[in-house]
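S.K.: Just dropping this structure here.
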Amino acid sequence: MKKIIALFLVLTALSCSSEDQVNQEVSAVGDSASVLDGKMLSFKNEELFVKEYSDLASLDSDELKNWVSSKKLVSLLNTSDDSASIEGDVLSESRIIYSDALKSVLNSESKVKINGNVLWLNERTFYLLSKNQINKTPEQLVAEKEKLEVYGSLLSVSSPVKNTTGRDVIPNENRIKTFVSGEENFNVPGSRIRLVLDLYNETIVLNNVIQSSKMYLRSTLQYRSCSTWRCTWKEASNIRVIDTYSLSGSNAVLWKFSLFQMTTSATQTSLIATWNPANLPSPTAPAAWYTNFNVSGPFKIYVGNGPWHEVQLSWY
Numbered sequence: 038m039k040k041i042i043a044l045f046l047v048l049t050a051l052s053c054s055s056e057d058q059v060n061q062e063v064s065a066v067g068d069s070a071s072v073l074d075g076k077m078l079s080f081k082n083e084e085l086f087v088k089e090y091s092d093l094a095s096l097d098s099d100e101l102k103n104w105v106s107s108k109k110l111v112s113l114l115n116t117s118d119d120s121a122s123i124e125g126d127v128l129s130e131s132r133i134i135y136s137d138a139l140k141s142v143l144n145s146e147s148k149v150k151i152n153g154n155v156l157w158l159n160e161r162t163f164y165l166l167s168k169n170q171i172n173k174t175p176e177q178l179v180a181e182k183e184k185l186e187v188y189g190s191l192l193s194v195s196s197p198v199k200n201t202t203g204r205d206v207i208p209n210e211n212r213i214k215t216f217v218s219g220e221e222n223f224n225v226p227g228s229r230i231r232l233v234l235d236l237y238n239e240t241i242v243l244n245n246v247i248q249s250s251k252m253y254l255r256s257t258l259q260y261r262s263c264s265t266w267r268c269t270w271k272e273a274s275n276i277r278v279i280d281t282y283s284l285s286g287s288n289a290v291l292w293k294f295s296l297f298q299m300t301t302s303a304t305q306t307s308l309i310a311t312w313n314p315a316n317l318p319s320p321t322a323p324a325a326w327y328t329n330f331n332v333s334g335p336f337k338i339y340v341g342n343g344p345w346h347e348v349q350l351s352w353y
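Under the numbering used here, the sequence shown is numbered contiguously, ending at residue 353.
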């Protein structure tokens with residue numbers, strides 16, 4: 038009898054444990070800002086899209102990959118490669134860089150569904166797709182781009198206060214500044230190493246409203262690779278320590294900093310600041326909200342047997 042009672046208690050405990058796990062999983066799904074809808078993620082509204090994007094922005098590369106895998110999404114993060122744009126000795130600052138967070142919520146065709154509308158991101162423009170356009174490939178959509186309806190953008194502007202549409206703008210939106218450290222700065226025997234730092238802004242505008250503005254820092258360590266025909270720079274896998282704790286800059290009320298130190302062996306895209314006017318009272322002069330981000334100080338990196346190398350960052 039005691040054995041039967043003990044077995045009953047064990048089975049009851051296992052049943053409760055399984056039920057709790059199922060409830061937790063259901064709760065997690067219910068609380069999620071997005072669900073997989075066919076081949077793309079679907080969000081109920083723009084606020085939930087921005088919330089999930091903002092949550093993802095604080096994750097590291099491995100955490101983002103795990104999140105994408107949990108969504109069962111074939112994302113732009115898993116299918117795109119930016120390495121070709123930084124293989125040369127001279128790098129263009131007109132390059133378009135998407136954050137890993139943005140690439141995580143877009144599918145491999147750069148599509149996402151928000152409030153029942155399918156949006157397609159091409160370069161810096163979000164297009165609204167009709168039912169007849171949803172299943173078209175990016176190549177087909179590019180061919181008829183002039184006929185597509187524009188819904189939003191990651192568009193650079195030059196006006197410090199207003200653009201032609203009349204919406205308020207952040208002066209540095211979607212700009213990029215690249216810092217390249219020469220191979221003489223690193224003591225790695227047998228290798229020619231350089232560091233490429235991309236400091237850039239990602240401002241998302243949907244339906245003519247600024248939904249989010251964030252500053253990212255992407256660090257890529259490269260080695261010199263030469264063939265019979267030419268030499269290029271390829272991503273290096275050396276273990277390194279990177280540190281941004283010595284940076285300082287914008288007023289923390291409008292730009293919330295996210296400084297970090299980490300050990301890595303791969304390219305890292307890290308959030309360093311978020312435009313944060315949401316909880317502030319409406320200013321007497323609304324333009325006071327739309328202030329430029331600024332930062333200065335050393336980005337530190339340690340590789341191999343050499344000392345810390347510092348790259349002096351500046352953005353005003």
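We put the beta carbon where it would ideally sit given N, CA and C, even for glycine.
Would you mind giving the Cβ-Cβ distance between V179 and T162, rounded to the nearest angstrom? I have them listed as a contact below 8 angstroms.
M.R.: Not really, about 11 angstroms apart at Cβ, beyond 8 angstroms.
S.K.: Starting from A310, trace the beta strand (DSSP E) in both directions and tell me its first and last residue.
M.R.: Its beta strand (DSSP E) spans residues Q305 to W312.
S.K.: Just to confirm, is the Cβ distance from I213 to R132 under 8 angstroms?
M.R.: Closer than 8 angstroms, so yes.
S.K.: Within a Cβ cutoff of 8 angstroms, which residues of the same chain sit near L73, ignoring the five residues on either side of it in sequence?
M.R.: S79, K108, K109 and L110.
S.K.: Are V332 and S287 touching if we call contact CB-CB under 8 angstroms?
M.R.: Yes, these two residues count as a Cβ contact at 8 angstroms.
S.K.: Measure the alpha-carbon distance for T301 versus N238 and round it to whole angstroms.
M.R.: If you take the alpha carbons of T301 and N238, they lie about 23 angstroms apart.
S.K.: I'd like to check one pair, T240 with A210: are the Cβ atoms closer than 8 angstroms?
M.R.: Note that residue 210 corresponds to Glu in the displayed sequence, not to Ala. Cβ atoms of E210 and T240: closer than 8 angstroms.
S.K.: Using CA coordinates, which residue listed in L101, A121, L165 and E183 is at the minimum distance from A138?
M.R.: Measuring from the Cα of A138, the nearest candidate turns out to be L101.
S.K.: Thinking C-beta only, is G343 closer than 8 angstroms to F216?
M.R.: Not closer than 8 angstroms, so no.
S.K.: Between S122 and R255, what straight-line distance do the alpha-carbon atoms span, to the nearest angstrom?
M.R.: Their Cα atoms are separated by approximately 14 angstroms.
S.K.: Under three-state DSSP, which class holds W266?
M.R.: Residue state, collapsed to three classes: coil.
S.K.: In the DSSP output, which residue or residues are listed as bridge partners for F216?
M.R.: L234.
S.K.: Rounded to a whole number of angstroms, what is the C-alpha to C-alpha distance between N329 and S264?
M.R.: Going by the C-alpha atoms only, they are around 44 angstroms apart.
S.K.: Thinking N144 and L113 are a contact (beta carbons under 8 angstroms), I'd like their distance in whole angstroms, please.
M.R.: Right, their Cβ atoms sit about 7 angstroms apart.
S.K.: Go through its chain and collect everything with a Cβ distance to E347's Cβ below 6 angstroms, but skip five positions before and after it.
M.R.: Excluding residues within five positions, the ones whose Cβ falls inside 6 angstroms are P335 and K337.
S.K.: Hey, S136 and A94 are a contact pair by Cβ (cut 8 angstroms); roughly how many whole angstroms apart?
M.R.: Confirmed, about 7 angstroms.
S.K.: Buried or exposed: where does Q177 fall if 16 or more other Cβ atoms within 10 Å of its Cβ makes it buried?
M.R.: Exposed, because fewer than 16 other Cβ atoms sit within 10 Å of the Cβ of Q177.
S.K.: By the 10 Å Cβ neighbour count, where 16 or more other Cβ atoms means buried, how is E84 classified, buried or exposed?
M.R.: By the 10 Å Cβ count, E84 comes out exposed.
S.K.: In the DSSP assignment, the alpha helix (DSSP H) including D137 goes from what residue to what residue?
M.R.: Residues D137 to V142.
S.K.: Only counting the same chain, and skipping five residues up and downstream in sequence, which positions put a Cβ closer than 6 angstroms to that of L192?
M.R.: So the list reads R161, once near-sequence residues are dropped.
S.K.: Rounded to whole angstroms, what is the Cα-Cα separation between L243 and W266?
M.R.: Whole-angstrom Cα-Cα distance: 46 angstroms.
S.K.: Nearest-angstrom Cα distance between D97 and T306?
M.R.: Answer to the nearest angstrom: the Cα atoms are 8 angstroms apart.
S.K.: Look at the alpha carbon of V87 and the alpha carbon of Q259, and state the distance between them as a whole number of angstroms.
M.R.: When rounded, the distance between both Cα atoms is 33 angstroms.
S.K.: Quick one: what does DSSP say Y327 is sitting in, helix, strand or coil?
M.R.: In the structure shown, Y327 sits in coil (DSSP, three-state: anything other than H, G, I, E or B).
S.K.: Determine the direct distance from the alpha carbon of S228 to that of Q248, and round the result to whole angstroms.
M.R.: Rounded to the nearest angstrom, the two C-alpha atoms are 44 angstroms apart.
S.K.: With 16 other CB atoms within 10 Å as the buried threshold, where does V142 fall?
M.R.: Answer is buried; the Cβ neighbour count reaches 16.
S.K.: Going by beta carbon distance, what residues of the same chain come within less than 7 angstroms of G341, once the five residues before and after it are set aside?
M.R.: The residues are F223, N224, V225 and N275.
S.K.: Just to confirm my understanding: we take S283, look at its own chain, exclude 5 residues before and 5 after, and list those with CB closer than 6 angstroms. What are they?
M.R.: So the list reads G334 and P335, once near-sequence residues are dropped.
S.K.: How would you label K184, buried or exposed, when you count the other beta carbons within 10 angstroms and need 16 or more for buried?
M.R.: Label assigned to K184: exposed.
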